[in-house]
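The sequence shown begins at 55 in the numbering used here and counts up one residue at a time. We treat Cβ as the ideally placed atom computed from N, Cα and C, and that holds for glycine.
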Amino acid sequence: MEVLIIITILFYMLSTAGYIAYLFLQKDYLNRSGYYLLAAGFFCHSAALIYGFVRSGHLPVYTLHETLFMAGWTIAGVFLVFQYKFNVKVLGAYAAPLATIVMLISSQLPREPAQAKNIFNSFWVSFHVIVIFIGEAAFALACGVGLLYLIQEYSIKNKSHGFFFRRLPSLELLDATGYTCIISGFTMLTLGLITGFLYAKLAWGRFWSWDPKEVWSGITWLLYAALLHGRFALGWRGRKAAIMSAIGFAALLFTFLGVNLFLKGHHGEFTRW
């Protein structure tokens, strides 16, 4: 397990170096190297995830170490899919370092061997957690694409055809990529919330209990729902969509980490952080 984690981090770091080198040198072989190195890291990451699941018998989201470990895996996996579909090459300079940083933080956290509660052995809870993580990874990429959009838009408006202007894709491609990330993330988040509500009904006899995690998940969902409504009904595209992506991701980060660290509720009863 330890060896797999070290190899995973090493591959992610090399991928980061490849993508950053591509950002500066614009050589296609560097972009391909970054992609394949990240794919190799994702393969090792998947093997470590499966090994941990088999050994513990539960989905690895019981501690903060496990949660970040899972987050790094979904970020890398979702990025590989979107990169294959849209080929926004420069996005790797955002996604690879993000996956690397998450994994480095995870590797430094305590790894408590305590047995998780039986709730994690439920298929529906596992499905709920996995789709939520995939949705959050898609939103993380949407935030990155939004930042790239704002940088490129600034370059164009100020006629500053410098470093980023020559290296970033068109505003149309960035907007389309960000939209697909948000649609994918919103779909996964919606599925995750529905399965969470159903399990809450079975476990506690009610769909909604005003648990802090539920409340902030609902706020995050509403923010992204407002973004999509604005896009369909009001024509929100480009800059507005990019800014809303960043705001939504900020709320998502608090829901993902802040609620468990600073607030108490049902979800905190099942984890050790």
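If we count Cβ pairs, one from each stretch, closer than 8 Å, do we get three or more for the segment 89 to 101 versus the segment 58 to 74?
-> Yes, since at least three Cβ pairs between the segment 89 to 101 and the segment 58 to 74 fall closer than 8 Å, the two stretches touch.
Where V179 falls: helix, strand or coil (DSSP) = Residue state, collapsed to three classes: helix.
C-alpha distance - F240 paired with A279, whole-angstrom precision | When rounded, the distance between both Cα atoms is 8 Å.
Residues in its own chain within less than 7 Å of K143 by CB, not counting five upstream and five downstream?
-> Same-chain partners within the cutoff: Y76 and N85.
Keeping to the same chain, check which residues put their C-beta closer than 7 Å to that of V156; ignore five residues upstream and five downstream.
-> Same-chain partners within the cutoff: L122, A125, G126 and I129.
Given R293, which residues of its chain have a CB within under 8 Å of its CB, disregarding the five upstream and five downstream residues?
-> So the qualifying residues of the chain are Y203, L204 and E207.
Specify, as a first and last residue, the run of the alpha helix (DSSP H) that H119 falls within.
-> Taken as a continuous stretch (DSSP letters only), the alpha helix (DSSP H) holding H119 covers L118 to F140.
Contacting residues, own chain, Cβ-Cβ under 7 Å from S69 (five flanking each side not counted) | Here S69 has G88, L91, L92, G95 and A150 as same chain residues with Cβ atoms under 7 Å from its own Cβ, once five neighbours each way along the sequence are excluded.
F222 to R291, Cα distance in whole Å?
-> Correcting the residue identity first, residue 222 is Leu in this sequence and not Phe. Approximately 18 Å between the Cα atoms of the pair.
N314 - DSSP class collapsed to helix/strand/coil = The answer is helix: DSSP assigns N314 an H, G or I state.
Could you pull out every residue in the same chain whose Cβ sits closer than 6 Å to the Cβ of A191, ignoring the five residues on either side in sequence?
-> Closer than 6 Å at the Cβ level, and outside the excluded window around A191, lie T128, I129 and V132.
Span separating the alpha-carbon of G312 from that of L58 = G312 and L58 have their C-alpha atoms spaced approximately 29 Å apart.
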